[in-house]
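A.B. asks:
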Amino acid sequence: MILTALLILMVLLLLSVPVAATLIALALLLAELFSPFPLINAMGDVLWSASDKYLLIAIPLFILLGEILVRTGIARGTYRSLESWMSWLPGGLLHANIGTATLFSATSGSSVATAATIGTVALPQGKEMGYDPKLFTGSIAAGGTLGIMIPPSINLIVYGFLTETSIPQLFAAGLIPGLVLALLFIVGTALICIWKPALGGPSVSHSWKDRISGLGHLVPVLTLFGIVVGSIYAGVATPTEAASLGVLGALVIAAFMKKLSVGIITEALDGTMKTTGMIMLIIIASYFLNFVLASSGVTRELTAFLENAGLGPYSTLMLAILLYIVLGFFIETLSLMVITIPIVAPILIGLGFDQVWLGILIILLIEMALITPPVGLNLYVVQGVRKGGPFSDVMKGAMPYVGMMFIMAILLVLFPEVATFLPELLK
Numbered sequence: 001m002i003l004t005a006l007l008i009l010m011v012l013l014l015l016s017v018p019v020a021a022t023l024i025a026l027a028l029l030l031a032e033l034f035s036p037f038p039l040i041n042a043m044g045d046v047l048w049s050a051s052d053k054y055l056l057i058a059i060p061l062f063i064l065l066g067e068i069l070v071r072t073g074i075a076r077g078t079y080r081s082l083e084s085w086m087s088w089l090p091g092g093l094l095h096a097n098i099g100t101a102t103l104f105s106a107t108s109g110s111s112v113a114t115a116a117t118i119g120t121v122a123l124p125q126g127k128e129m130g131y132d133p134k135l136f137t138g139s140i141a142a143g144g145t146l147g148i149m150i151p152p153s154i155n156l157i158v159y160g161f162l163t164e165t166s167i168p169q170l171f172a173a174g175l176i177p178g179l180v181l182a183l184l185f186i187v188g189t190a191l192i193c194i195w196k197p198a199l200g201g202p203s204v205s206h207s208w209k210d211r212i213s214g215l216g217h218l219v220p221v222l223t224l225f226g227i228v229v230g231s232i233y234a235g236v237a238t239p240t241e242a243a244s245l246g247v248l249g250a251l252v253i254a255a256f257m258k259k260l261s262v263g264i265i266t267e268a269l270d271g272t273m274k275t276t277g278m279i280m281l282i283i284i285a286s287y288f289l290n291f292v293l294a295s296s297g298v299t300r301e302l303t304a305f306l307e308n309a310g311l312g313p314y315s316t317l318m319l320a321i322l323l324y325i326v327l328g329f330f331i332e333t334l335s336l337m338v339i340t341i342p343i344v345a346p347i348l349i350g351l352g353f354d355q356v357w358l359g360i361l362i363i364l365l366i367e368m369a370l371i372t373p374p375v376g377l378n379l380y381v382v383q384g385v386r387k388g389g390p391f392s393d394v395m396k397g398a399m400p401y402v403g404m405m406f407i408m409a410i411l412l413v414l415f416p417e418v419a420t421f422l423p424e425l426l427k
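Read in order, the letters of the sequence shown are residues 1 to 427 in the UniProt record's numbering.
1. Whose C-alpha, out of I253, L183, L215, G126, is nearest the C-alpha of I150?
2. Taking contact to mean at least 3 C-beta pairs separated by less than 8 Å, is the region 48 to 57 in contact with the region 281 to 297?
3. In chain order, what are the residue ranges of uninterrupted alpha helix (DSSP H) at least 4 long that sit wholly in the region 310 to 350?
4. Thinking just about the alpha-carbon of each residue, which of S231, A255, G201 is nearest to the one in P220?
5. Counting Cβ pairs, one atom from each stretch, are 3 or more of them under 8 Å apart for the region 77 to 94 and the region 200 to 213?
6. For my contact list, A142 and I371 are in at a C-beta cut-off of 8 Å; report their separation, rounded to the angstrom.
7. What's the C-alpha gap between G350 and S296?
8. Give the list of continuous alpha helix (DSSP H) stretches no shorter than 4 residues that lie fully inside the region 121 to 160.
9. Does the count of Cβ pairs from the region 65 to 73 and the region 263 to 282 closer than 8 Å reach three?
10. Please name the residue in A106, D132, S51 whose C-alpha comes closest to that of G91.
11. Within this structure, are the beta carbons of G328 and M368 separated by less than 8 Å?
12. Please state if the CB of G138 and the CB of V394 are separated by a distance shorter than 8 Å.
13. Quick one: residues in its chain with C-beta nearer than 7 Å to the C-beta of T78, no 5 flanking neighbours on either side, listed in chain order?
14. Leaving out five residues before and five after F391 in sequence, what residues of the same chain have Cβ atoms less than 7 Å from its Cβ?
15. Kindly indicate which three-state DSSP category A234 falls into: helix, strand or coil?
16. Can you give me the C-alpha to C-alpha distance between I360 and A173, rounded to a whole angstrom?
17. Go ahead and label N41 buried or exposed: buried means 16 or more other beta carbons lie within 10 angstroms of its beta carbon, across all protein chains shown.
18. If we ignore side chains and look at the alpha-carbon of each, how far apart do S261 and S81 end up?
19. Closest to residue 430 by C-alpha separation, out of G352, G376, L317, would be which residue?
20. Just to confirm, are T120 and V385 a CB contact at a threshold of 8 Å?
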C-alpha cells in the first residue's frame, strides 16, 4: 500500500500535475483502491474543516507583509547598509547577501520572497563587480531559505497547524537556530573564499561615515520585526493579530518613506492572492489526503512497520532525516511538509522527541530541499531573477550551503537546547 502511494505520487509529480491536484488525485485513487468505505462522500466536510481555521488567516497576512516590503523597495536600502558593514570580509558582497536575507527573513516569513528580493537587488551589483556567478547565486538561494526558519515563518505556522503545536513556542524555537545557521553561512563562505579567493570577488571598504549613515535603512525592517514578534512574545497579540499589525506597520512605514501608491498596493494584493491561493489549495488537499491515508490504513501500516523494525528512537530519527533528504530532491517544500508531517511527527513525538524541537529540525530539512536540485524552488527563483546564464551555476553554488545545513542538523540533534532554550525560558 505504501509503495503504491509513493509510486502514484512520483508519477503524478513527474507528469507536472499541479501539486494540489496531485494530492487530491492520489487521495481519490487510494480511497478507491484500499478503502472499503466511500471516503469521497466525506470530501466536502474534510476540505471545509481544513479551510476554516482562524490560525490560517495569518498566512495571507504574512505574505502581504512580504509583498509590501518587496514592492516598496525597502529591502534595497537594507542591502546597501549591510554591504557597507560586511563587504570587507573574505567574500565581500556574498556576506551582504546572507546578512540582508537574514534581516528580510525576520519580516517576510517567505523563502521565495526573500530570495527574489535579494536576487533583484544583489545580482546586478555582483555582475558589475565580477563575482563568480556560482557562489554568488548560491549564497542568495541559500540565504533565502532562512525565511522559513527565522520568525515570523509561514512554514512554522503550517507545522503548528498540522501538529497542534504552539506557534509562539515555534517562533521562539526558530530564532536561535536561524541566527546560528546564518552565522554558519557567513563563516563557511569566508572559509571558501580564503581557500579560493577568486570565488569571492573584491573586498570593498567603506568609511565609518557611510556605515553610520546607512544604519537608518535598517530601521524599517527592525521596527517591523519588533512589532510582529514582540507583540507575540509580549502576549498582547496572537500570531494572526501580529501579522495584521505587521501589515499595518509596513503600510505606515512605506507611506512615511513616500513609497506607497495605489499601484504598489494593487500589485501587493495581486501577488498575495496568487500565493495564498496556491498555499491554501495545497493545505486543504493534503488534509483530505491525510484523512484518506488514516482511514485506509496507510498511516497505521507505516507506524506498525517502524514499530516492528526494532529501531531505537535515534535510529528512527536518522531514518526520518534520510527520508526528508531524499524526498527533498523531488518534492516541493510545502508539499513535502503537508504530506509527511502528519505521518512522521506523531511517530517521532511518540518516541519521546519534543514536538517543538522536532518542528525546527523538520523545517531545517525542508530548507535543504529548497536548494537541492532538481526541484529546489529557490534555485529556480534566483535563476529567474538572474535572466541568463546556465542553471547549473546556481545548483553548483548552492551545494556548499547544503553541507552547512547538514552540519546545523547535526548540531540540533546533538544539542537540542539550541532550539528549546528560548521556548523554555518564555514558558
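Built from N, CA and C at the ideal position, the CB exists for glycine as well.
C.D. replies: A quick look at the data gives this:
1. If you number the sequence shown from 1, residue 150 lands on position 150. Answer by Cα proximity: L183.
2. yes
3. 313 to 328, 333 to 350
4. Numbered from its first residue, the sequence shown carries residue 220 at position 220. Nearest option by C-alpha distance: A255.
5. yes
6. The sequence position of residue 142 within the sequence shown is 142, counting from 1. The sequence position of residue 371 within the sequence shown is 371, counting from 1. Correct: roughly 6 Å between the Cβ atoms.
7. Your numbering for residue 350 matches position 350 in the sequence shown. Your numbering for residue 296 matches position 296 in the sequence shown. Approximately 21 Å between the Cα atoms of the pair.
8. 133 to 145
9. yes
10. Mapped onto the sequence shown, residue 91 falls at position 91. Of the candidates A106, D132, S51, the one whose C-alpha sits nearest the C-alpha of G91 is D132.
11. Counting from one through the sequence shown, the residue named residue 328 turns up at place 328. Counting from one through the sequence shown, the residue named residue 368 turns up at place 368. Yes, these two residues count as a Cβ contact at 8 Å.
12. Your numbering for residue 394 matches position 394 in the sequence shown. Your numbering for residue 138 matches position 138 in the sequence shown. It is a contact, given that the beta carbons lie within the stated cut-off.
13. By 1-based counting over the sequence shown, the position of residue 78 is 78. T100, L103, F104, H217, L218, V221, listed in sequence order.
14. Working through the sequence shown from its first residue, we reach residue 391 at position 391. Same-chain partners within the cutoff: Q383.
15. By one-based count along the sequence shown, residue 234 stands at place 234. A234 falls in the coil class under three-state DSSP.
16. As a position in the sequence shown, residue 360 is number 360, starting the count at 1. As a position in the sequence shown, residue 173 is number 173, starting the count at 1. Their backbone Cα atoms lie some 7 Å apart in a straight line.
17. Here residue 41 is taken as the residue at index 41 of the sequence shown, counted from 1. Counting Cβ neighbours within 10 Å, N41 comes out exposed, since fewer than 16 surround it.
18. Within the sequence shown, numbered from 1, the residue matching residue 261 stands at position 261. Within the sequence shown, numbered from 1, the residue matching residue 81 stands at position 81. So the two alpha carbons sit approximately 25 Å from each other.
19. In the structure displayed, the chain extends from 1 to 427; residue 430 sits before or after that span and is not available.
20. If you number the sequence shown from 1, residue 120 lands on position 120. If you number the sequence shown from 1, residue 385 lands on position 385. Their beta carbons are under 8 Å apart, which means T120 touches V385 by this criterion.
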